[in-house]
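Line by line, the protein sequences are chains L and H. The opening residue of the first sequence carries number 1 in UniProt numbering; numbering runs sequentially from there. The opening residue of the second sequence carries number 1 in UniProt numbering; numbering runs sequentially from there. Backbone N, C-alpha and C fix where the C-beta goes; we use that ideal spot for every residue, glycine too. Read through the structure below, which is laid out as structure tokens, and then see the notes.
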Amino acid sequence: MNRLSWLHAWLMLLPALAMLLAFTHIPTLTTVWHSLFFPERGGAPAEFAGLDNYRMMLDDTVFWQALSNNLWYALGTVPTSIALALAMALWVNSKISGRTALRLAYFTPTMLPMIAVANIWLFFYSPEIGLFNKVLALFGHPGINWLGDSDWALPSLMLMTVWKEAGFFMIFYLAALQSLSRDLYDAAALEGAGRWHTFRRLTWPLLMPTTLFVLVNAILNAFKLVDHLFILTKGGPNNASNLLLYYIYENAFSFFDSNYAATLTVVMLALLILLALLQFGVLERRIHYR
Amino acid sequence: MLHKGKHLLAIGLTSLAATAAQAKTELTMYYPVSVGGPLTKVVDGMIDQFEKQNPEIDVSAIYAGNYNDARVKALAALKGGQSTQLSVMAAIDVHELKDLDAIVAFDDIVETDEERQWLNSFYPALMENSQVDGTTYGIPFQRSTIVMYYNKDAFRDAGLDPEQPPRSWDELVSMGQKLVKKDSNGQVERWGAMIPSTGYPYWMFGALAKQNGEVLMNSAGNETYFNKPGTVEALQYWSDLGSKYKIMPQGTIEWGTLRQNFLEQKTAIMWHSTGNLTAVKKNADFDFGVAMMPAHQQLGSPTGGGNFYIFKESTQEERRAAMKLVRFMTSPEQAANWSIATGYMGVSPAAYETPELKAYVKSFPPAAVARDQLEYATAELATHQAGRVRKLLDDAIQSVLNGQAEPKAALDAAQNQAKRILSRY
């Protein structure tokens with residue numbers, strides 16, 4: 001009987017396992033394998049490269065720039081969008097009139113496709129005809145070449161990303177807030193705790209599981225969402241806004257160098273695994289699950 | 001016995017149906033659109049007409065985004081074993097498509113003398129990116145040059161003669177300075193000129209280099225000349241337009257929004273693909289003109305745009321059918337329609353002899369500027385490992401326009417890296 005239930009369990013797991021193997025684990029392994037070869041040329045079989053692709057990567061200034069851009073990008077977008085998401089959730093969770101409309105308004109950016117949004121923001125950012133410089137002009141500012149200035153290109157991308165992401169994370173916070181027990185708040189009120197104190201000692205700790213979930217997602221997105229680059233900057237000017245995944249795409253599909261793209265992918269995967277371990281390892285212990 | 005007879009009949013009928021289905025050759029082609037306007041409808045219309053004339057050929061034409069997307073999709077379809085017999089892809093992809101062993105030469109498909117003649121019917125300047133070592137791999141379809149669009153109203157406003165656009169680099173600067181308009185706070189309301197520097201900076205730079213008497217690479221595509229003195233000077237001039245002469249905004253200028261800038265009169269002059277001509281004509285609510293770009297040592301523009309390629313993975317029958325389609329799409333009548341609908345040039349001299357295009361050019365002379373400029377045109381930057389090499393030059397240009405590097409240093413670095421990449425070809 002025991003053996004039968006084991007068998008039963010494995011059979012139940014099989015479909016999901018097969019999918020995971022076919023679309024996640026096997027491709028990961030083949031990516032590692034591909035990264036050890038030189039690109040094929042004109043029908044000749046691929047030549048074994050050992051770690052040469054990795055050496056080439058270490059010498060590749062564009063790779064280092066894309067990597068550092070990506071870290072800045074994560075640092076710039078993740079905390080901001082989480083803070084904003086939490087603030088919006090707290091607000092639309094309170095009893096105010098028109099809050100359904102407000103919730104919808106905050107969620108709208110999430111519903112729009114990234115490419116469509118980027119096409120609109122391209123015009124917002126346009127120096128001469130764009131919305132942002134028109135607003136700046138009201139204050140007598142000469143305007144900024146948002147996407148065309150190497151100092152502003154990456155921050156401009158960050159701004160749009162925060163706008164796009166915050167509403168999505170807000171939904172998780174809102175759901176979590178609504179599941180919190182009123183009793184705790186009544187007790188806190190009875191003890192005479194102020195609003196800030198209630199938030200810091202009650203709401204924030206109780207929201208930690210959600211924060212971890214959102215944080216993991218936000219960091220992943222900072223590395224894997226590059227749709228807007230295709231429209232807004234194409235990584236330019238001079239790689240000022242190039243991100244790792246976009247650079248991988250360029251290598252694979254503009255340069256036809258799928259082996260070097262595989263090399264970069266391996267590095268990116270390692271980085272993401274490291275970040276995930278770090279988050280779960282460090283934060284998990286400090287989170288209170290009920 | 002009866003039973004057996006029925007069986008045979010069934011087999012006979014099935015094979016008959018099979019031959020009937022086979023007799024209809026099916027073609028799949030991908031094509032890109034990289035300028036504004038509802039061009040997919042135009043292509044669909046042309047394909048419909050072709051199918052009506054050739055009922056034995058069934059074409060599905062698939063719009064595939066910009067040039068890069070189209071190439072990726074076509075090659076992915078080939079790799080995935082889906083049949084794709086022909087595609088429109090960037091003319092400059094030719095070396096790489098050859099390196100990938102993906103395309104077949106038209107010289108190997110043509111059979112009759114008349115067909116061989118057809119290969120020579122296009123403008124020679126357009127064939128520079130279509131032939132390698134005298135063999136034709138691409139047939140010009142949506143081809144362009146860069147032209148100079150200028151706002152005649154702005155010229156009048158600045159006290160300039162609207163029929164005399166700048167003809168030299170110096171005139172571009174002096175006229176540009178007059179065309180810059182500032183408001184009472186000293187903020188620029190209208191720039192003198194804009195040359196786009198995202199998307200295809202190397203293309204615009206090809207024009208400036210040629211105007212200064214330099215080309216960017218050899219025709220075999222295994223050598224680049226990024227740091228010739230004339231080329232460095234050309235980049236210096238481009239950068240000076242913004243930083244020294246202040247007739248152009250500093251930093252990079254977005255390809256995608258430039259046309260809108262011009263239409264909203266935020267710049268008096270723009271350099272852009274002639275493929276935008278019809279869209280500008282439809283949307284400009286001011287008097288505009290089109291001229292050749294100014295000269296320094298000489299006039300010059302690279303050609304640009306897309307060619308038809310036929311893929312190796314196809315039967316002889318499919319290749320012949322594909323060539324029939326290509327011949328139709330590039331025939332003088334269709335080329336004339338296409339040119340009128342888009343602004344791309346008619347690809348052969350015969351196209352400009354058709355009554356339609358003749359009448360159109362007469363009523364709208366800017367339509368002939370791209371053609372007239374062909375005489376001074378050069379090939380667009382096309383090399384082996386084109387994506388990498390192009391990016392080296394693009395990055396160098398953008399770093400200079402952003403004031404991060406000096407032209408000489410940036411182009412030296414790009415040249416050295418390009419040389420290393422191309423050393424094995």
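*Does the Cβ-Cβ distance between residue 227 of chain H and residue 411 of chain H come in under 8 Å?*
One thing to note: residue 227 of chain H has its Cβ within 8 Å of the Cβ of residue 411 of chain H.
*Collapsed DSSP secondary structure at residue 210 of chain L in the structure displayed*: Helix at residue 210 of chain L.
*residue 26 of chain L: buried (16+ other C-beta within 10 angstroms of its C-beta) or exposed?*
With fewer than 16 other Cβ atoms from the protein chains shown falling within 10 Å of its own Cβ, residue 26 of chain L counts as exposed.
*Report the three-state DSSP secondary structure of residue 416 of chain H (helix, strand or coil).*
If DSSP states are grouped into helix, strand and coil, residue 416 of chain H belongs with the helices.
*Residue span of the alpha helix (DSSP H) that contains residue 31 of chain L, given as start and end*: Run containing residue 31 of chain L: 26-34, per the alpha helix (DSSP H) assignment.
*Contact set between residue 249 of chain H and chain L, taken where Cβ atoms lie within less than 7 Å*: Those are 127 and 145, listed as they occur along chain L.
_Using beta carbons (cut-off 8 Å, strictly below), is residue 123 of chain L in contact with chain H?_
At a cut-off of 8 Å between beta-carbon atoms, residue 123 of chain L makes contact with chain H.
_Which complete alpha helix (DSSP H) runs does the stretch 86-162 of chain H hold, if anything under 4 residues is left out?_
List check, alpha helix (DSSP H) in window: 94-99, 113-119, 124-127 and 152-157.
*asked:* If I measure Cβ to Cβ from residue 216 of chain L and keep anything under 7 Å in the same chain, skipping five residues before and after, which residues do I get?
replied: Closer than 7 Å at Cβ, skipping near neighbours: 276 and 279.
*In angstroms with no decimal places, state the Cα-to-Cα distance between residue 148 of chain L and residue 231 of chain H.*
When rounded, the distance between both Cα atoms is 23 Å.
_My parser needs the beta strand (DSSP E) runs of 3 or more residues fully inside the stretch 234-303 of chain H; what are they?_
Along the stretch 234-303 of chain H, the beta strand (DSSP E) occurs as fully enclosed runs of 3 or more residues at 267-273 and 288-291, listed in sequence order.
_Sub-8 Å separation of residue 42 of chain H and residue 338 of chain H beta-carbons_ = For residue 42 of chain H and residue 338 of chain H, yes; Cβs fall inside 8 Å.
*Helix, strand or coil for residue 78 of chain L, going by three-state DSSP, please let me know.*
In the structure shown, residue 78 of chain L adopts helical secondary structure according to DSSP, grouped into three states.
*Inter-stretch contact (C-beta, 8 Å, three-pair minimum) for the stretch 131-142 of chain L and the stretch 386-400 of chain H*: With a cut-off of 8 Å, the stretch 386-400 of chain H and the stretch 131-142 of chain L do not count as touching, because too few Cβ pairs lie within range.
*Residues of its chain near residue 130 of chain H, where Cβ-Cβ distance is below 8 Å and the 5 sequence neighbours each way are ignored*: These residues qualify, in order along the chain: 91, 94, 122, 136, 137, 138, 139, 140 and 307.
*Taking Cβ-Cβ distances below 8 Å as the criterion, which residues of the stretch 218-251 of chain L are in contact with chain H?*
Those would be 231, 233, 234, 236, 237, 238, 239, 240 and 250, in chain order.
*Between residue 232 of chain H and chain L, is there a C-beta pair that is closer than 8 Å?*
Not closer than 8 Å to any Cβ of chain L, the Cβ of residue 232 of chain H fails to qualify, so no.
*Count the C-beta pairs between the stretch 118-125 of chain L and the stretch 204-219 of chain L that are closer than 8 Å, then say yes if the count reaches three, no if not.*
Segments in contact, no.
*asked:* Using 8 Å for Cβ pairs, my map puts residue 197 of chain H next to residue 252 of chain H. What's the rounded Cβ distance?
replied: Correct: roughly 4 Å between the Cβ atoms.
*Do the CB positions of residue 247 of chain H and residue 204 of chain H come within less than 8 Å of each other?*
In this structure, residue 204 of chain H does not lie closer than 8 Å to residue 247 of chain H by Cβ.
_Here's the rule I'm using: 16 or more other beta-carbon atoms within 10 Å means buried, otherwise exposed. How should residue 407 of chain H be labelled?_
Counting Cβ neighbours within 10 Å, residue 407 of chain H comes out buried, since at least 16 surround it.
*Under 8 Å between C-beta atoms of residue 369 of chain H and residue 290 of chain H*: Cβ atoms of residue 369 of chain H and residue 290 of chain H: closer than 8 Å.
*Nearest-angstrom Cα distance between residue 414 of chain H and residue 216 of chain H?*
Roughly 12 Å separates the two Cα atoms.
*Please list the partners that residue 88 of chain H has in chain L, where partner means a Cβ-to-Cβ separation under 7 Å.*
Proximity of chain L to residue 88 of chain H at the Cβ level (cut-off 7 Å) is not reached, the minimal Cβ distance being about 18 Å.
*Could you name the residues that DSSP lists as bridge partners for residue 27 of chain H?*
Bridge partners of residue 27 of chain H: H:59.
*asked:* Please state whether the Cβ-Cβ distance between residue 356 of chain H and residue 340 of chain H is less than 8 Å.
replied: When the beta-carbon positions are compared, residue 356 of chain H and residue 340 of chain H come within less than 8 Å of each other.
*Verify the CB distance criterion: does residue 103 of chain H have a CB-CB separation below 8 Å to chain L?*
The beta carbon of residue 103 of chain H sits no closer than 8 Å to any beta carbon of chain L.
_Exposure of residue 121 of chain L, with buried meaning 16 or more beta-carbon neighbours within 10 Å_ = Residue environment for residue 121 of chain L: buried (at least 16 other C-beta atoms within 10 angstroms of its C-beta).
*Which residues in chain L sit within 8 Å of residue 135 of chain H, going by Cβ to Cβ distance?*
Contact note: residue 135 of chain H does not reach chain L at a C-beta cutoff of 8 Å; the least C-beta distance is about 16 Å.
*Kindly indicate if chain L contains any beta-carbon less than 8 Å away from that of residue 313 of chain H.*
With 8 Å as the cut-off, residue 313 of chain H does not count as an interface residue toward chain L.
*asked:* Only counting the same chain, and skipping five residues up and downstream in sequence, which positions put a Cβ closer than 6 Å to that of residue 145 of chain L?
replied: Excluding sequence neighbours, residue 145 of chain L sits near 127.
*To the nearest angstrom, how far is it from the Cα of residue 86 of chain H to the Cα of residue 333 of chain H?*
Rounded to whole angstroms, residue 86 of chain H to residue 333 of chain H spans 21 Å at the Cα level.
*Does DSSP put residue 17 of chain H in a helix, a strand or coil?*
Below a pLDDT of 50, predicted positions are generally treated as unreliable, and residue 17 of chain H, at 47, falls in that range; the measurement from the model is reported next regardless. Helix at residue 17 of chain H.
_Between which two residues does the alpha helix (DSSP H) holding residue 387 of chain H run?_
From DSSP, the alpha helix (DSSP H) with residue 387 of chain H extends over 386-401.
*Rounded to whole angstroms, what's the CA-CA distance from residue 274 of chain L to residue 219 of chain L? Just pull it up for me.*
Between residue 274 of chain L and residue 219 of chain L, the C-alpha separation is close to 12 Å.
*Does the Cβ of residue 162 of chain L have 16 or more other Cβ atoms within 10 Å, making it buried, or fewer, making it exposed?*
With a 10 Å radius around the Cβ and a threshold of 16 neighbouring Cβ atoms, residue 162 of chain L comes out buried.
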